[in-house]
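Since the structure comes first, as structure tokens, the remarks are kept for the end.
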Amino acid sequence: MANLKELRSRITSVSSTMQITSAMKMVSAAKLNRAQNAIEDMRPYAEKLTELLQGLSASMDKDTDSPYSDQREIKNVLVIAISSNRGLAGAFNTNIVKRVRNLMQETYADNSVDIIAIGKKAGDVLRKNNDIKESYTDIYDDLSYEDVAEIAEHLMELFKSGNYDKIELVYNSFKNAATQIVTTEQFLPIKPASEKEGEGMSSDYIFEPNKIEIVEDLIPKSLKIQLFKAIRDSVASEHGARMTAMHKATDNATELRDDLKLSYNKARQASITNEILEIVAGAEALADS
Amino acid sequence: MHLEIVSPEQIILSDEVKSVNVPGISGEFQILDNHAPVVSVLKKGSIKLDTSVTLPKASKDQFYKEDSKFYFDISGGVIELKDNKVVILID
Numbered sequence: 000m001a002n003l004k005e006l007r008s009r010i011t012s013v014s015s016t017m018q019i020t021s022a023m024k025m026v027s028a029a030k031l032n033r034a035q036n037a038i039e040d041m042r043p044y045a046e047k048l049t050e051l052l053q054g055l056s057a058s059m060d061k062d063t064d065s066p067y068s069d070q071r072e073i074k075n076v077l078v079i080a081i082s083s084n085r086g087l088a089g090a091f092n093t094n095i096v097k098r099v100r101n102l103m104q105e106t107y108a109d110n111s112v113d114i115i116a117i118g119k120k121a122g123d124v125l126r127k128n129n130d131i132k133e134s135y136t137d138i139y140d141d142l143s144y145e146d147v148a149e150i151a152e153h154l155m156e157l158f159k160s161g162n163y164d165k166i167e168l169v170y171n172s173f174k175n176a177a178t179q180i181v182t183t184e185q186f187l188p189i190k191p192a193s194e195k196e197g198e199g200m201s202s203d204y205i206f207e208p209n210k211i212e213i214v215e216d217l218i219p220k221s222l223k224i225q226l227f228k229a230i231r232d233s234v235a236s237e238h239g240a241r242m243t244a245m246h247k248a249t250d251n252a253t254e255l256r257d258d259l260k261l262s263y264n265k266a267r268q269a270s271i272t273n274e275i276l277e278i279v280a281g282a283e284a285l286a287d288s
Numbered sequence: 000m001h002l003e004i005v006s007p008e009q010i011i012l013s014d015e016v017k018s019v020n021v022p023g024i025s026g027e028f029q030i031l032d033n034h035a036p037v038v039s040v041l042k043k044g045s046i047k048l049d050t051s052v053t054l055p056k057a058s059k060d061q062f063y064k065e066d067s068k069f070y071f072d073i074s075g076g077v078i079e080l081k082d083n084k085v086v087i088l089i090d
């Protein structure tokens, strides 16, 4: 039987770990709430933009020759791995790394694939086996649309100049606090609208300067918002994943502590029984004499 | 008419206004009630509102007052107007 002192110190250490994990859970829950609100806040903009873009494209006779919808033969692929800067979030970052490796080894096995890492964790792991072209880690400190727009512009430039023929985003999309879905999303080129969705805009509109130029002005905006949404989703997912992971850790710690307490009480009881036995035996020995 | 100014991060203003001036790509223009439907790209400049609107607390500081108009500076955007509803998406 383990000695009492040892058990006592283990109980204390498990309890303090439990305090940390449950505090981290609370913090993540609060941050998740904020991240979810942030997603809500950008929805009106994103929806209006999509509505305009679809309405305009549907009412146009031909597709635009925007440099961003250029479907070239795929030779060079760029994968944007969106992960987090911090760990302790369960399989959150591992899933991203797995998906990126899978893309490189299977989907684009015959192409040359480069990686840009947004967020430290996936970048650190991928760097061991692959070359990371660029990495952005400080955007999470204060996530703003301007910073993301800058990255998006850089990506658009890389595509336009012909450095890459296809750009894919890999990120955890947010479903709910407990579920994150690893998503691969084509960023560039823009997928041609196979079917013209929605009704076209009526001809009553005054278009300033004209439809084509408006669409060409809207496309970069919609790409920026797409990247922004992916990153915002990833942030919300990160907090959700961490909250779940910390919840499990707290549960496990509770179980472990209960087990330890049981052993501790058993050991304590055993030592008391022992003492009584000794006293009784001693008393009997005296009585006999 | 109803005016909404929306940025990627938040809704900056959503209120009834009497008039609004926007920096259209081919020149500033004013929108009053019952204006014809329009979609236009906006360039760098300022949106001007009549002072009858009450500015929302959250974004109050982003507006400034000059010549009895509220000014709001933008670096670009797009405007859509339909059925007396104006939506301005700013960059």
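Taken in order, these protein sequences are the chains called A and B.
For the first sequence, position 59 matches number 58 in numbering that gives the first Met the number 0, and the numbering has no gaps at all.
For the second sequence, position 30 matches number 29 in numbering that gives the first Met the number 0, and the numbering has no gaps at all.
By construction, the Cβ of each residue, glycine as well, lies at the ideal position given by its N, Cα and C atoms.
A quick note: this is a predicted structure, and the numbers were derived from the prediction, not measured.
Look at the alpha carbon of Ala57 of chain B and the alpha carbon of Ala121 of chain A, and state the distance between them as a whole number of angstroms.
36 Å
With H, G and I counted as helix, E and B as strand and the rest as coil, what does DSSP make of Ala189 of chain A?
Sequence check: residue 189 of chain A is Ile here, not Ala. Correct three-state label for Ile189 of chain A: coil.
Ser262 of chain A by DSSP, collapsed to three states: which one?
helix
In chain A, which residues lie with their C-beta within 9 Å of the C-beta of Ala35 of chain B?
Asp203, Tyr204 and Ile205
I want to verify the contact list: residues of chain B whose CB lies under 7 Å from the CB of Tyr44 of chain A, in sequence order.
Per Cβ cutoff of 7 Å: Val5, Ser6, Pro7 and Leu88.
Return the first residue and the last residue of the beta strand (DSSP E) that Tyr63 of chain B is part of.
Phe62 to Glu65
Test item: CB-CB of Gly23 of chain B and Lys43 of chain B under 7 Å
no
Cβ contact check for the stretch 118-138 of chain A and the stretch 69-87 of chain A: 3 or more pairs under 8 Å:
The stretch 118-138 of chain A vs the stretch 69-87 of chain A: in contact.
Can you tell which of A:Leu3, A:Ser12, A:Met23 and A:Ser15 has the C-alpha that lies nearest to the C-alpha of Ala240 of chain A?
A:Met23
What is the DSSP secondary structure of Ser6 of chain B, reduced to helix, strand or coil?
coil
Cutting at 7 Å between CB atoms, please list the residues of its own chain near Val96 of chain A, excluding the five before and the five after it.
Ala121, Val124 and Leu125
What are the residues in the stretch 6-31 of chain B lying within 8 Å of chain A by C-beta distance?
For the stretch 6-31 of chain B, the beta-carbon criterion of a distance under 8 Å to any beta-carbon of chain A is satisfied by Ser6, Pro7, Glu8, Gln9, Ile10, Gly23, Ile24 and Ser25.
Quick one: grab the DSSP three-state call for Ser27 of chain A.
Secondary structure at Ser27 of chain A: helix, using DSSP grouped into helix, strand and coil.
The beta strand (DSSP E) with Lys59 of chain B in it runs from where to where?
It is not in any beta strand (DSSP E) - Lys59 of chain B carries neither H nor E in the DSSP assignment.
Near-chain A residues of the stretch 52-86 of chain B (beta-carbon distance less than 7 Å), N- to C-terminal order:
Per Cβ criterion, the list reads Val77, Glu79 and Val86.
Are the C-beta of Pro219 of chain A and some C-beta of chain B separated by less than 7 Å?
no
Beta-carbon of Ser39 of chain B versus every beta-carbon of chain A: anything under 7 Å?
Residue-level contact check: Ser39 of chain B touches chain A, since one or more beta carbons of chain A fall below 7 Å from its beta carbon.
Give, in chain order, every residue of the stretch 26-55 of chain A whose Cβ lies closer than 7 Å to some Cβ of chain B.
Asp40, Met41, Pro43, Tyr44, Lys47, Leu48 and Leu51
For His1 of chain B, which beta-bridge partners are listed by DSSP?
Beta-bridge partners assigned by DSSP to His1 of chain B: B:Glu15 and B:Lys84.
So for Lys220 of chain A, helix, strand or coil by DSSP?
helix
Which of helix, strand or coil DSSP assigns to Lys174 of chain A:
strand
Give me, in chain order, the residues of the same chain whose beta-carbon lies closer than 6 Å to that of Ile11 of chain B; leave out the 5 immediate sequence neighbours on both sides.
Ile4 and Ser58
Val78 of chain A beta carbon less than 7 Å from that of Val112 of chain A
yes
For Leu2 of chain B versus Val85 of chain B, is the C-beta distance shorter than 7 Å?
yes
Ala28 of chain A to Glu237 of chain A, Cα distance in whole Å?
11 Å
Using a Cβ cut-off of 7 Å (strictly closer), state whether Tyr144 of chain A contacts chain B.
yes
For the putative contact between Thr249 of chain A and Met17 of chain A, defined by C-beta atoms under 8 Å, what is the C-beta separation to the nearest angstrom?
6 Å
Any beta carbon of chain B sitting closer than 7 Å to that of Pro66 of chain A?
no
When A:Ile180, A:Lys223, A:Gly54 and A:Met245 are compared against Glu156 of chain A, the one with the closest alpha-carbon:
A:Lys223
Closest residue to Lys74 of chain A among A:Arg100, A:Asp109, A:Phe173 and A:Asp140 (Cα-Cα distance)
A:Asp109
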